[in-house]
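Numbering (the UniProt record's numbering), first residue to last: 1 to 177.
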């Protein structure tokens, strides 16, 4: 069944992108009408798999992509590598529904340097553990891979805060925006 599903889904995903049915604002981006699926030999089993995978994607990545935050900051042209361009607290947001009590979460945009030295805007996420009487905590930098082509697939949209509960600060420096 995995081989069947893989080949059918690849064909349907390619068709969905070509027909403009994929939504770049979220990771689960294949809103495929039945007639389109059937026209690409995606039968009832194939459509059921797509529905199940969309639910899993939405649970992992969330729904809407914040285009305003991830747009290059207005102050980028005057910045140098290391400059903070944007900072947005997320702890009291529905975006971070699985943050443990007391964990403070921010997403940020900063200036970094490309391999040739030119400045580039980059985004990331940082999660801070509950404060404990002025104590210091260690910083863990999580260097993630990639998870898809669309902006909505950015790994920084996957939030795992288990390290913060052990008193570690978690940083997910991102890739170029």
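A virtual CB, placed ideally from N, CA and C, is assigned to each residue, including glycine. A quick note: this is a predicted structure, and the numbers were derived from the prediction, not measured.
In the DSSP annotation of this structure, the continuous segment of the beta strand (DSSP E) that includes residue 108 starts and ends at 104-113. In the DSSP annotation of this structure, the continuous segment of the alpha helix (DSSP H) that includes residue 34 starts and ends at 34-39. When secondary structure is reduced to three states using DSSP, residue 77 falls in the helix class. Taking C-beta atoms as the reference points, residue 85 and residue 107 fail to come closer than 8 Å. For residue 88, the enclosing beta strand (DSSP E) has its first and last residue at 84-89. Taking all protein chains in view, the Cβ of residue 127 is crowded by 16 or more other Cβ atoms within 10 Å, so the residue is classified as buried. For residue 71, the three-state secondary structure derived from DSSP is coil. In chain order, 76, 79, 80, 81, 82, 83, 85, 119, 120, 121 and 122 place their CB closer than 8 Å to the CB of residue 111, counting only its own chain and leaving out the 5 sequence neighbours on each side. When DSSP states are grouped into helix, strand and coil, residue 118 belongs to the coil group.
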